[in-house]
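Asker: Numbers given in our numbering equal positions in the sequence shown, counted from 1, plus 1.
No residue lacks a Cβ here, since even glycine has one placed at the ideal position from N, Cα and C.
Since this is a predicted model, take the numbers as computed values, not measurements.
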Amino acid sequence: MPTKLYRFHCTDGHELVTDLKGKRLPTTAQMRVHAERVALGLMERVERFDWSGWQVEVYDAKGRRVWIRAFVDVNVDVQAA
Numbered sequence: 002m003p004t005k006l007y008r009f010h011c012t013d014g015h016e017l018v019t020d021l022k023g024k025r026l027p028t029t030a031q032m033r034v035h036a037e038r039v040a041l042g043l044m045e046r047v048e049r050f051d052w053s054g055w056q057v058e059v060y061d062a063k064g065r066r067v068w069i070r071a072f073v074d075v076n077v078d079v080q081a082a
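1) When you compare each of V34, D61, P27 to R8 by their alpha carbons, which one comes out closest?
2) Could you check what DSSP says for H10 in three-state terms: helix, strand or coil?
3) Give a yes or no on whether the C-beta atoms belonging to V77 and W52 are separated by under 8 Å.
4) Which two residues bound the contiguous alpha helix (DSSP H) that contains L26?
5) Note down the Cα distance separating L26 from L41, rounded to an integer number of angstroms.
6) Which residues in the same chain as V128 place their Cβ atom closer than 6 Å to its Cβ, once the five residues preceding and following it in sequence are excluded?
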């Protein structure tokens, strides 16, 4: 199955956590699950009290933004998936 390269950047509009490596995934559904895992991972590693302004932005290999997910909308059950 062919895969597409995606990069998962996290930002609040002022600060940015950049994904320089990216990840190859075969489906849009897997890209969305991975994006939520990236957001959850950042929230676990960095001690902040308010993630409400943060979002994970997904870009394709050509640098086009293809999906956005607010941290507050991340499904915490995705870790078990």
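Answerer: On the basis of the coordinates in this document:
1) D61
2) strand
3) no
4) No alpha helix (DSSP H) holds L26; the beta strand (DSSP E) holding it covers 24–26.
5) Their backbone Cα atoms lie some 18 Å apart in a straight line.
6) Absent from the structure is residue 128, since the part of the chain shown begins at 2 and ends at 82.
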